[in-house]
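Peer 1: Protein sequences appear in the order of chains A and B. Going letter by letter, the first sequence gives residues 1 to 343 in this note's numbering. Going letter by letter, the second sequence gives residues 1 to 315 in this note's numbering. Even for Gly, the Cβ is constructed at its ideal location relative to N, Cα and C. Because the structure is a prediction, the values reported are computed rather than measured.
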Amino acid sequence: MIQNEEILLEVKNLKTYYKISTGIIKAIDNVSFQLNRGETLGLIGESGCGKTTLIKTILRILPSNGLIAGGIINYKGNNILKMDSKRINKLRWEEISLIPQSAMNSLDPVYKLGDQIVETILAHESISKKEAYKRSEKVFEIVGLGKNRLKDYPHQYSGGMKQRAVIAMSLVLNPEIIIADEPTTALDVVVQAQILSKINNILENYKGSLIMATHDISVIAQTCIKIAVMYGGKIVEFGKAQRILKKPYHPYMIAMKNAFPSVIGKKKKLISISGNPPSLLNPSEGCRFAPRCPFSFKKCLSVSPNIYKTSDGYVTCHRFDEVDKLQYYSEKEETWIQGKVRI
Amino acid sequence: MGSTALFKFRENKIKYLKAVDGISFTIDRGETLGLAGESGCGKTTTAKILLGLYKPTQGKILCNAMDITNITKKELKTFRQNAQMIFQDPYESLNPRFKIKETLMEPLLIHKIGKTNKNRLEIISRILNDVGLSPARNYINRFPHELSGGQRQRIAIARALIINPVFLVADEPVSMLDVSIRAGILNLLKKLIVKNNLAGLYISHDISFIRYLCDRIAIMYLGRIVEIGRAEEVISKRYHPYTQVLFEAIPSPDPNHKINIGKIKGGVSDPIDLPEGCRFHNRCVRCMNICKKEMPQSIEVENNYWVECHLYNKN
């Protein structure tokens with residue numbers, strides 16, 4: 001990828017809450033990160049961590065009970081949160097496009113693919129239908145679909161093909177940033193491998209940036225240069241993928257590493273984290289991971305951890321200075337059995 | 001590990017859509033067989049046939065030396081006490097109107113297990129403990145919607161095991177759960193299969209979890225088992241070209257190990273429109289002339305390790 005130091009997206013102290021009958025859910029609570037041109041950023045986290053809310057906030061497509069409670073999102077220096085609807089409509093798809101979750105279900109079943117892509121182009125650019133169609137052929141070629149398939153309906157496509165079609169649609173207006181929300185979750189492993197290869201292929205010649213949200217560490221390892229680990233509505237660790245996947249600093253990320261079995265190398269014992277993700281309805285003031293963390297002490301439960309700068313990003317953990325010790329103990333199974341060992 | 005084969009499943013042919021087309025395998029007590037393959041390969045159909053939910057078109061199924069292929073309704077009820085299933089979706093497989101107590105009581109009542117209500121409640125408490133949901137009194141009066149996905153799946157496991165079956169089928173039991181809790185459920189399944197000396201069939205498209213849980217692995221492709229052997233052997237030896245592709249497609253959490261998907265072309269054929277000869281020949285980089293005309297037979301490449309591929313023809 002063609003990288004440089006230009007900052008495309010800067011998120012600072014972002015807060016998005018949802019109003020429900022019993023109170024307020026703090027879905028993302030003080031999230032900050034930066035995306036440079038040419039970077040591929042992976043957002044990793046499980047259900048309820050806030051990754052989809054973050055994506056919806058950036059694109060300003062939150063549901064009616066969602067409210068942006070603070071912070072800024074600067075796209076090329078302009079705050080997205082202060083843009084009027086005309087400007088936002090231009091931003092969406094032309095500058096920032098989306099490959100949504102369950103992408104295959106996002107295609108209109110009663111229109112041919114060619115018509116859907118042409119419609120998208122013409123909604124943003126005043127070019128002729130013929131030119132728009134030519135562009136559709138071009139993006140189909142990029143994703144490895146034959147241009148004759150533009151004349152087909154979605155039901156005539158396999159799952160993998162629908163995914164490629166949706167990726168093609170996200171490219172068609174040459175956006176600066178593409179956001180992919182769980183792009184390969186519903187696909188078989190061989191098809192997933194083909195799609196990931198294709199994504200890497202496209203990225204080699206692409207001058208923009210990619211944000212990929214997924215719960216699958218392996219998918220991130222294949223495509224991303226930077227990672228933001230999300231838990232309980234916050235980013236708990238941010239930095240280079242190479243380093244985080246080999247030597248994570250935050251206990252949650254260390255635990256995630258232990259939870260992934262592999263077909264390569266020796267068979268290792270799988271360790272799972274007991275407990276569940278926290279409720280974000282009136283969450284505690286302390287570290288959100290503390291109740292499940294084998295290394296937590298009293299302070300963790302009541303005081304929110306500081307942001308500690310690392311060589312390639314940051315981590316939020318009160319015991320960051322003891323990270324070598326934590327990593328040593330995390331390899332042992334007894335550490336993760338709740339209530340057994342106090343480290 | 002028992003030496004008595006618990007299941008023998010031979011030469012099952014289905015006529016029109018050959019969902020499962022000529023597969024044979026055995027599962028011993030205390031042993032778990034993993035069935036791996038992509039969508040449409042026939043793994044779920046196989047599971048349903050073994051549980052008596054579908055009737056096979058041809059072939060035989062033996063459970064505990066009893067022929068259950070053409071089982072009668074009356075015999076089916078007894079059989080159901082021996083064979084149970086855990087489904088993929090923990091949000092759909094529990095009756096939302098039943099409290100946990102009722103969900104677990106139902107199988108006991110149907111199979112007349114437990115002499116008194118008090119006795120049955122004790123059995124329920126014990127099984128909840130076994131699946132890691134204790135104290136039981138915190139769970140028996142809850143409804144499924146009050147529990148998390150992982151907790152619901154533990155209830156599903158409890159329900160399957162409460163009547164002491166000898167055979168357990170798990171169809172993608174963790175694919176809808178968060179990654180950090182999958183390991184817990186799998187560790188639980190592993191522990192209970194060993195403790196109760198069950199024969200297990202574990203179906204998944206995620207081979208890394210199959211490796212973790214299973215003693216043996218069978219790789220399915222378009223209705224046939226193309227490779228079957230001990231798990232660690234299949235994972236390292238990968239005789240069949242499809243097995244090689246499947247394993248190489250698995251993304252690794254190591255960023256220095258990028259996947260290499262060069263060795264395969266195209267997509268899976270439609271099972272209604274199967275190619276002549278070997279089902280995989282049209283995508284296989286090692287396809288020979290014979291592969292296009294003749295279906296390969298199962299060849300024993302090592303002790304109790306079978307592969308269906310012309311590359312290993314003894315002649």
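Starting from L186 of chain B, find everything on chain A with Cβ-Cβ shorter than 9 Å and list it in chain order.
Peer 2: The contacting residues are P261, L270, S272.
Peer 1: Quick check: what's the CA-CA separation for T4 of chain B versus C63 of chain B?
Peer 2: For T4 of chain B, the predicted structure reports a pLDDT of 39, less than 50, and the residue's modelled location is therefore unreliable. The matter cannot be settled from this model.
Peer 1: Starting from L301 of chain A, trace the alpha helix (DSSP H) both ways and give me its first and last residue.
Peer 2: Taken as a continuous stretch (DSSP letters only), the alpha helix (DSSP H) holding L301 of chain A covers 298 to 302.
Peer 1: Do the stretch 71 to 88 of chain A and the stretch 251 to 263 of chain A touch if we need at least three Cβ pairs shorter than 8 Å?
Peer 2: Verdict: no, contact absent.
Peer 1: Residues of chain A with CB under 8 Å from K237 of chain B, in chain order?
Peer 2: Per Cβ cutoff of 8 Å: no residues; K237 of chain B is ~13 Å from chain A at best.
Peer 1: Please work out which residues of its chain come closer than 6 Å, Cβ to Cβ, to L201 of chain B, disregarding the five sequence neighbours upstream and downstream, and give them in chain order.
Peer 2: Closer than 6 Å at the Cβ level, and outside the excluded window around L201 of chain B, lie L33, V169.
Peer 1: Of the choices A:R164, A:Y17, A:I264, whose alpha-carbon is the least far from that of N201 of chain A?
Peer 2: Nearest C-alpha to N201 of chain A: A:R164.
Peer 1: For D178 of chain B, collect the residues of the same chain with a Cβ closer than 8 Å to its Cβ; drop the 5 residues on either side in sequence, then sort them by chain order.
Peer 2: Same-chain partners within the cutoff: G149, G150.
Peer 1: Strictly below 8 Å CB to CB, what residues from chain A border I259 of chain B?
Peer 2: By Cβ distance, chain A contributes A193, L196, S197, Q222.
Peer 1: Who are the neighbours of H205 of chain B on chain A, taking C-beta pairs under 9 Å?
Peer 2: Here the neighbours are D188, V189.
Peer 1: Starting from W93 of chain A, follow its DSSP beta bridges and name the residues at the other end.
Peer 2: DSSP output for W93 of chain A lists no bridge partner at all.
Peer 1: If you measure between the beta carbons of K347 of chain A and L107 of chain A, is that distance less than 8 Å?
Peer 2: Since the first residue shown for chain A is 1 and the last is 343, residue 347 of chain A is missing from the structure and cannot be characterised.
Peer 1: With DSSP run on the structure shown, which of helix, strand or coil describes N82 of chain B?
Peer 2: Correct three-state label for N82 of chain B: helix.
Peer 1: Fully enclosed by the stretch 58 to 121 of chain A, which beta strand (DSSP E) runs are 3 residues long or longer?
Peer 2: Those beta strand (DSSP E) runs which fall completely within the stretch 58 to 121 of chain A and span 3+ residues are 66 to 75, 96 to 99.
Peer 1: Measure from the C-beta of V179 of chain B to each C-beta in chain A and report whether the shortest distance is under 8 Å.
Peer 2: Cβ-Cβ to chain A under 8 Å: yes for V179 of chain B.
Peer 1: Buried or exposed: where does H215 of chain A fall if 16 or more other Cβ atoms within 10 Å of its Cβ makes it buried?
Peer 2: Its Cβ being crowded by 16 or more others within 10 Å, H215 of chain A is buried.
Peer 1: Between the Cα of G66 of chain A and the Cα atoms of A:G160, A:G275, A:I28, A:Y17, which residue gives the shortest distance?
Peer 2: Nearest C-alpha to G66 of chain A: A:Y17.
Peer 1: Applying a beta-carbon distance threshold of less than 7 Å, which residues of chain A neighbour P318 of chain B?
Peer 2: Because chain B in this structure spans residues 1 to 315, residue 318 of chain B falls outside the shown range and cannot be described.
Peer 1: I want to verify the contact list: residues of chain A whose CB lies under 8 Å from the CB of Y212 of chain B, in sequence order.
Peer 2: The answer, in chain order, is P261, K267, L270.
Peer 1: Using a Cβ-Cβ distance cut-off of 8 Å, determine whether Y305 of chain B contacts chain A.
Peer 2: Not one chain A Cβ lies under 8 Å of Y305 of chain B.
Peer 1: By Cβ distance below 8 Å, which residues in the same chain neighbour K13 of chain B in space, the five residues on each side in sequence not counted?
Peer 2: Note on K13 of chain B: pLDDT 40, under 50, position unreliable in the model; no value is reported.
Peer 1: Please confirm if R279 of chain B has its CB atom under 8 Å from at least one CB of chain A.
Peer 2: R279 of chain B does not count as touching chain A.
Peer 1: Using a C-beta to C-beta distance shorter than 8 Å, which residues of chain A count as neighbours of S24 of chain B?
Peer 2: Ordered by position in chain A, no residue passes the 8 Å Cβ test against S24 of chain B, which lies about 25 Å from the chain.
Peer 1: V226 of chain B to S304 of chain A, Cα distance in whole Å?
Peer 2: Cα to Cα, V226 of chain B sits roughly 54 Å from S304 of chain A.
Peer 1: Measure the CB-CB distance between K166 of chain B and A199 of chain B and report whether it falls below 8 Å.
Peer 2: One point to set straight first is that residue 166 of chain B is Val, not Lys, in the sequence displayed. Closer than 8 Å, so yes.
Peer 1: With DSSP as the reference, label F209 of chain B as helix, strand or coil.
Peer 2: F209 of chain B falls in the helix class under three-state DSSP.
Peer 1: Starting from the C-beta of K15 of chain B, find all residues in its chain whose C-beta is less than 8 Å away, skip the five residues before and the five after it, and write them out in chain order.
Peer 2: Low per-residue confidence applies at K15 of chain B: pLDDT is 34, beneath 50, and the placement is therefore not dependable, though the value from the model is reported in the following sentence. Here the set comprises T57.
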